[in-house]
């Protein structure tokens, strides 16, 4: 069974600085998707970025980028030029591409990010 | 507006009193899922559905039931709630396929006393 680990329960960053959130996962599959979701205090879950395992190029969405290391099973999220609105809980998630398995989504425990003005 | 709605948003109930949390989506998504969120555990999948009349267990299905009689609705039923089911619950939907983003409802905060 797949597992997702986020080893940093809490992190903080100064406004305008860069922060990296860690995520590691365990799987025996070769193709899958990885996601980062953001949950602000409003509790609404928002997709930040997604990465397909077979794509070597790291995904980027504006100030958000990932460092995907497939062999190491690592999927970290880098937030550049941090803003106060980035303060939230961030969840890493895994989804299989195997047709009989992609209905299950595995989430990590989350990292709470604080942004210091 | 494309959205997933859940009701109620907050619910306090007593042990053993049956309750239903409704979930509805207006995006014609095939896939729907229920999660519970607990501190330090992230989101854990309770049940999911790939289409009408097709449901399956997630990682923590004990004490819950679901049904999918219509494509847009996926209610979560707790027939005899217990205090360990106190949690934050999310419904989500997406098109079928692993690449698709899940759209989440606003969450339901359930307290069982």
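Chains as they are written, first to last, in my numbering: chain A, 47 to 163; chain B, 57 to 169. C-beta: ideal position from N, C-alpha, C; glycine also.
In this structure, does DSSP put residue 60(A) in helix, strand or coil?
Within the first chain, numbered from 1, the residue matching residue 60(A) stands at position 14. Strand.
Do the CB positions of residue 148(B) and residue 89(B) come within less than 8 Å of each other?
In the second chain, counting from the first residue as 1, residue 148(B) sits at position 92. In the second chain, counting from the first residue as 1, residue 89(B) sits at position 33. Yes, the Cβ-Cβ distance between residue 148(B) and residue 89(B) is below 8 Å.
Own chain partners of residue 109(A) with C-beta closer than 7 Å, once the 5 adjacent residues on each side are dropped
One-based indexing of the first chain puts residue 109(A) at position 63. 125, 126 and 127.
At a CB-CB cut-off below 8 Å, which residues of chain A make contact with residue 146(B)?
Locating residue 146(B) in the second chain gives position 90, where the first residue counts as 1. Simply 91.
Got a sec: is the Cβ-Cβ distance from residue 106(B) to anything in chain A below 8 Å?
Position 50 of the second chain, counted from the first residue, corresponds to residue 106(B). Yes, its Cβ sits closer than 8 Å to a Cβ of chain A.
Residue 134(B) and residue 74(B) closer than 8 Å at C-beta
Within the second chain, the letter at position 78 stands for residue 134(B). Within the second chain, the letter at position 18 stands for residue 74(B). Cβ distance < 8 Å, so residue 134(B) and residue 74(B) count as in contact.
Cβ separation of residue 119(B) and residue 141(B), assumed to be a contact under 8 Å, to the nearest whole Å:
By one-based count along the second chain, residue 119(B) stands at place 63. By one-based count along the second chain, residue 141(B) stands at place 85. Between residue 141(B) and residue 119(B) the Cβ distance is about 6 Å, and since that is below 8 Å, they are a contact.
Given residue 110(B), which residues of its chain have a CB within under 8 Å of its CB, disregarding the five upstream and five downstream residues?
By 1-based counting over the second chain, the position of residue 110(B) is 54. Taken in chain order, the residues that qualify are 124.
Note the first and the last residue of the continuous beta strand (DSSP E) segment covering residue 151(A).
The residue given as residue 151(A) occupies position 105 in the first chain. Residues 151-153.
Across which residues does DSSP place residue 124(A) in a beta bridge pair?
One-based indexing of the first chain puts residue 124(A) at position 78. Answer is 66(A) and 111(A), bridged to residue 124(A).
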